[in-house]
Structures are given as structure tokens and as C-alpha cells.
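Last residue of the sequence shown: number 485 in my numbering, and the count goes up by one each step with no gaps. We treat Cβ as the ideally placed atom computed from N, Cα and C, and that holds for glycine. For clarity, every value in this text was computed on a predicted model and none was experimentally measured. Encoded as C-alpha cells, the structure appears first; notes follow it.
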Amino acid sequence: RNLTRPVSEMATQDQTMHPNVVVSTSKAYKFLFTKMRDVKTTSEEFVRYSKRAMRLLAEDALAELPVQNVDISTPCGPFQGVEPISPTTLCAVSIVRSGDCLLEAVREVEPACRVGKILIQRDESHPEKLPKLFYSKLPPAVESMHILLCDPMLATGGSAVTALNVLIKDYGVDPKKIVFANMICVPEGFKRLGKEFPDVKIVTACIDEGLNEEKFIVPGLGDYGDRFFNTS
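This is the structure:
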């Protein structure tokens with residue numbers, strides 16, 4: 254049974270859960286996610302295929318940041334294109350540890366961006382898997398920057414809400430200047446972020462069916478960080 258929904262459904266139904274959602278689309282995702290989800294895929298293979306998928310997502314997430322029109326000349330004539338914001342006004346923030354995977358994909362595309370870290374861990378002993386903040390480190394004047402928040406999985410939304418509270422309440426970042434990039438998410442996480450942070454744009458590659466009783470994404474792919482860093 255296919256527990257993920259086609260993009261056509263995502264574009265209509267998920268806008269009702271969160272008003273600011275962008276679904277990254279590429280024909281390559283189908284194969285890449287097949288390999289990433291497969292329990293038989295080794296850690297080495299997972300790294301290879303997930304890096305390819307994260308690069309696609311990173312490009313689409315960065316494309317959601319502001320641009321300005323520019324006129325250039327090609328060898329054959331004039332052309333009107335766009336130019337993105339200066340990378341010095343962009344801060345890519347990872348929710349440690351699995352967010353570091355996606356952060357590095359962003360830095361491969363835009364190596365001059367600033368970097369921030371937020372360490373949040375789920376309490377696996379709690380039935381609701383409540384998040385706990387341990388550490389945050391962001392660059393000076395981050396409140397004036399555009400933020401690309403990186404975390405591959407959006408499940409209950411607990412870690413994302415905690416990270417967004419750090420950015421918005423503790424550091425004074427405008428929620429309208431935040432793009433949250435993730436590889437896989439579920440309606441439960443969408444709904445929570447849509448209720449608490451409707452101005453934060455979400456860019457995702459895949460929307461799965463939902464959470465199981467253990468609060469893990471179904472069908473999902475297991476623990477992203479464990480599979481990427483070979484610690485399972």
C-alpha cells in the first residue's frame with residue numbers, strides 16, 4: 254500500500270493544514286526515497302542517496318528566499334534574470350544532529366552562508382516524545398537575517414516548535430523570514446506548525462501518512478540521523 258500522497262493532493266489538502274507550504278518536486282525523488290526507505294539499504298548507500306535528495310531540496314528551499322530582478326547580457330543578447338540575497342544575510346540553522354545532514358547540503362549549494370546550531374533531543378521515555386532544549390549558538394545580528402531551518406524529519410513538530418521559539422522569541426527573528434526545510438513530514442506536524450507559526454514557510458520533499466503509536470513517521474525511513482551517521 255502506498256502511504257505517501259501524490260503532489261496534486263498535497264498542493265490542495267496540505268494548504269488547509271498549513272497556509273505556507275511548498276512541496277519540492279523532482280522525478281528523482283521516487284527512486285531516491287525508495288532507496289532511503291528500504292530497510293536493506295546500508296548506511297553507506299543511505300548517505301549516497303540521501304545526499305542526492307537533500308541537494309535537490311536545498312536548491313528548492315533556497316529558491317524560496319527573496320530575489321531581485323537583474324538584467325544581464327548573454328553571448329547572443331540581453332536577458333532578464335534574478336539574483337538572490339547576499340549569502341552573508343542568510344543563516345542556515347540545523348537542529349542537531351540529523352539537521353546537520355541537511356545543513357551540509359545547503360552549504361554545498363551556498364558555502365558563504367552563516368551557520369547556527371540548536372541542540373534539541375526528544376525524551377524517548379515520555380509517551381509524547383517531548384523535546385528538550387540543550388544548546389543554541391547563532392551568529393551576531395541574526396535577527397536581521399533570513400533563516401533556513403534544517404531538520405530532515407517533521408513528526409510531532411515538537412523539536413521544530415522549540416527551535417522556532419528559540420529563533421523568534423530568544424533571538425528576535427521575524428517568522429516571515431524563516432524557511433523550514435525537511436525531507437519527510439506528516440499532517441500532525443503540519444497542523445501544529447500551521448497553528449503556532451503560520452508565517453513560517455515549510456519546504457518539504459515528501460508527505461507521509463502519519464505517526465504510529467510510538468510517534469514515528471509511517472512509512473518513514475526510521476531514524477534519519479542513525480542511518481546517515483551509521484549509529485543504529
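Residue i classed as buried or exposed, judged by whether at least 16 other C-beta atoms fall within 10 angstroms
| i | result |
| --- | --- |
| Arg408 | The residue you asked about is not Arg; residue 408 is Ala in the sequence shown. It is buried - the Cβ of Ala408 has at least 16 other Cβ atoms within 10 Å. |
| Pro384 | buried |
| Arg254 | Caution is warranted here: a pLDDT of 40 is assigned to Arg254, below 50, making its placement in the model unreliable, and no coordinate value can be reported. |
| Asp461 | buried |
| Thr294 | buried |
| Pro392 | exposed |
| Phe443 | buried |
| Gly330 | exposed |
| Lys430 | buried |
| Leu474 | buried |
| Ser412 | buried |
| Val456 | buried |
| Val335 | exposed |
| Pro405 | buried |
Cβ separation of residue i and residue j, assumed to be a contact under 8 Å, to the nearest whole Å
| i | j | result |
| --- | --- | --- |
| Pro428 | Ile421 | 6 Å |
| Ile400 | Val362 | Going by Cβ atoms, the distance from Ile400 to Val362 rounds to 16 Å, so no, they are not a contact pair. |
| Leu402 | Val346 | 5 Å |
Residue span of the alpha helix (DSSP H) that contains residue i, given as start and end
| i | result |
| --- | --- |
| Leu315 | Ser296 to Leu315 |
| Phe482 | Tyr477 to Phe482 |
| Phe286 | Ala281 to Arg290 |
Best match in the options for proximity to residue i [C-alpha to C-alpha]
| i | options | result |
| --- | --- | --- |
| Gln509 | Val362, Leu401, Gln333 and Lys390 | Outside the shown range of the chain, which is 254 to 485, sits residue 509, and nothing can be said about it. |
| Asn483 | Arg350, Pro384, Ser389 and Ile371 | Arg350 |
| Gln374 | Pro328, Met307, Thr457 and Val414 | Val414 |
| Phe387 | Glu466, Arg480, Lys293 and Val419 | Val419 |
| Tyr357 | Thr457, Val323, Lys304 and Phe433 | In the sequence under discussion, the amino acid at residue 357 is Glu, which differs from the Tyr named in the question. Cα-wise, what sits closest to Glu357 is Lys304. |
| Ala434 | Phe284, Val292 and Lys454 | Lys454 |
| Glu441 | Arg367, Phe284, Ile470 and Phe286 | Ile470 |
| Val275 | Lys283, Glu312 and Phe286 | Glu312 |
| Thr341 | Thr327, Gly352, Ser326 and Gly369 | Gly369 |
Residue range of the beta strand (DSSP E) that includes residue i
| i | result |
| --- | --- |
| Arg350 | First-last for Arg350: undefined, no H or E at that position. |
| Thr457 | Lys454 to Ile460 |
| Thr327 | Val320 to Thr327 |
| Pro331 | Gly330 to Pro337 |
Residue i: CB within 6 Å of a non-hydrogen atom of the ligand GTP
| i | result |
| --- | --- |
| Arg480 | With respect to the ligand GTP, the structure offers nothing, as it holds no ligand at all. |
*Enumerated in chain order, which unbroken segments of the alpha helix (DSSP H) with a length of 4 residues or greater are wholly contained in the segment 361-439?*
411-418
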